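>
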Amino acid sequence: MDPIAVLAIRLSLAVIFAAAALHKIRDLNGFHEAVRDYRLVPPALVTTTGALLLATELAVAVLLVLSPFSSAGLGMEAIMLLLYAFAITINLLRGRTSIDCGCNGFGSGQPISNGLVVRNVVLTGLCLSALAFAGTREMEPADIATAVIAAAAFVMLYAATNQLLANAPAIARLRTSHE
Numbered sequence: 039m040d041p042i043a044v045l046a047i048r049l050s051l052a053v054i055f056a057a058a059a060l061h062k063i064r065d066l067n068g069f070h071e072a073v074r075d076y077r078l079v080p081p082a083l084v085t086t087t088g089a090l091l092l093a094t095e096l097a098v099a100v101l102l103v104l105s106p107f108s109s110a111g112l113g114m115e116a117i118m119l120l121l122y123a124f125a126i127t128i129n130l131l132r133g134r135t136s137i138d139c140g141c142n143g144f145g146s147g148q149p150i151s152n153g154l155v156v157r158n159v160v161l162t163g164l165c166l167s168a169l170a171f172a173g174t175r176e177m178e179p180a181d182i183a184t185a186v187i188a189a190a191a192f193v194m195l196y197a198a199t200n201q202l203l204a205n206a207p208a209i210a211r212l213r214t215s216h217e
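Numbering (the numbering used here), first residue to last: 39 to 217.
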């Protein structure tokens with residue numbers, strides 16, 4: 039894989055995880071409530087689990103932009119994304135589909151869905167691809183600019199996809215009311 043693509047993936051995922059950490063920091067109570075709602079850790083460990091998740095997201099975002107540590111960042115992000123996909127899947131299998139995923143901020147009302155699992159698996163694939171198939175060559179300033187522009191485009195695509203996933207229940211209600 040060309041180093042431009044790898045850098046674009048790293049930058050995109052760094053922005054996504056930094057934004058995720060930021061909205062958790064802004065609403066720690068909402069974040070802890072979301073961790074509690076998943077019912078995967080004992081209530082006594084909700085705050086500690088939340089702190090570990092938040093610290094890991096911040097660490098991943100930083101590692102992804104630091105070239106010598108980007109492989110560790112990609113590996114950690116893949117693990118985090120699979121962990122989140124697993125947590126969502128467990129609750130979907132339990133029939134607990136009304137849990138607010140917190141993807142657009144807590145209290146946004148975006149319920150967990152299969153779409154979020156697919157999104158996280160696709161992002162995991164990007165992490166692993168960038169980790170396994172990174173090519174080596176010197177990057178020119180134009181290469182770096184291209185990677186930054188590609189990363190910005192990917193982050194916008196990610197945001198649009200997230201919004202579509204958030205709107206899916208409302209769209210489904212509209213469809214059934216017009217039939």
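By construction, the Cβ of each residue, glycine as well, lies at the ideal position given by its N, Cα and C atoms. Because the structure is a prediction, the values reported are computed rather than measured.
If the criterion is Cβ atoms closer than 8 Å, does the pair A168 and V44 meet it?
In the sequence shown, counting from the first residue as 1, residue 168 sits at position 130. In the sequence shown, counting from the first residue as 1, residue 44 sits at position 6. Cβ distance < 8 Å, so A168 and V44 count as in contact.
> Helix, strand or coil for P80? Go by DSSP, reduced to three states.
Residue 80 sits at position 42 when you count from the first residue of the sequence shown. Coil, per DSSP.
> Within 10 angstroms of the Cβ of T162, are there 16 or more other Cβ atoms? Answer buried if so, exposed if not.
Locating residue 162 in the sequence shown gives position 124, where the first residue counts as 1. So T162 ends up on the buried side.
> With DSSP as the reference, please indicate the residues paired to D138 in a beta bridge.
Here residue 138 corresponds to residue number 100 of the sequence shown, with the count starting at 1. D138 is bridged to P149.
> With H, G and I counted as helix, E and B as strand and the rest as coil, what does DSSP make of A172?
The sequence position of residue 172 within the sequence shown is 134, counting from 1. A172 falls in the coil class under three-state DSSP.
> Among the residues of its own chain, which have a CB less than 7 Å from the CB of G113, if the five just before and after it don't count?
For the purposes of this step, residue 113 is taken as the residue at position 75 of the sequence shown. So the list reads L169, once near-sequence residues are dropped.
> For V186, which residues in the same chain have their Cβ closer than 7 Å to its Cβ, ignoring the five residues on either side in sequence?
The residue you call residue 186 lines up with position 148 of the sequence shown. L49, listed in sequence order.
> What is the rounded straight-line gap between the Cα of R175 and the Cα of T135?
By 1-based counting over the sequence shown, the position of residue 175 is 137. By 1-based counting over the sequence shown, the position of residue 135 is 97. Their Cα atoms are separated by approximately 46 Å.
> Which value, in whole angstroms, describes the spacing of the CA atoms of R132 and A125?
Here residue 132 refers to the residue found at position 94 of the sequence shown. Here residue 125 refers to the residue found at position 87 of the sequence shown. Answer to the nearest angstrom: the Cα atoms are 11 Å apart.
> Let me check understanding here. Comparing Cα to Cα, which of A57, F55, V53, L92 lies closest to H70?
Numbered from 1 along the sequence shown, position 32 holds the residue referred to as residue 70. Taking only the C-alpha atoms, the option nearest H70 is L92.
> Since P106 is in the alpha helix (DSSP H), which residue starts that stretch and which ends it?
Locating residue 106 in the sequence shown gives position 68, counting from the first residue. It is not in any alpha helix (DSSP H) - P106 carries neither H nor E in the DSSP assignment.
> For A57, which option in L83, A72, A180, A197 has the closest C-alpha, if you only look at C-alpha atoms?
By 1-based counting over the sequence shown, the position of residue 57 is 19. Measuring from the Cα of A57, the nearest candidate turns out to be A197.
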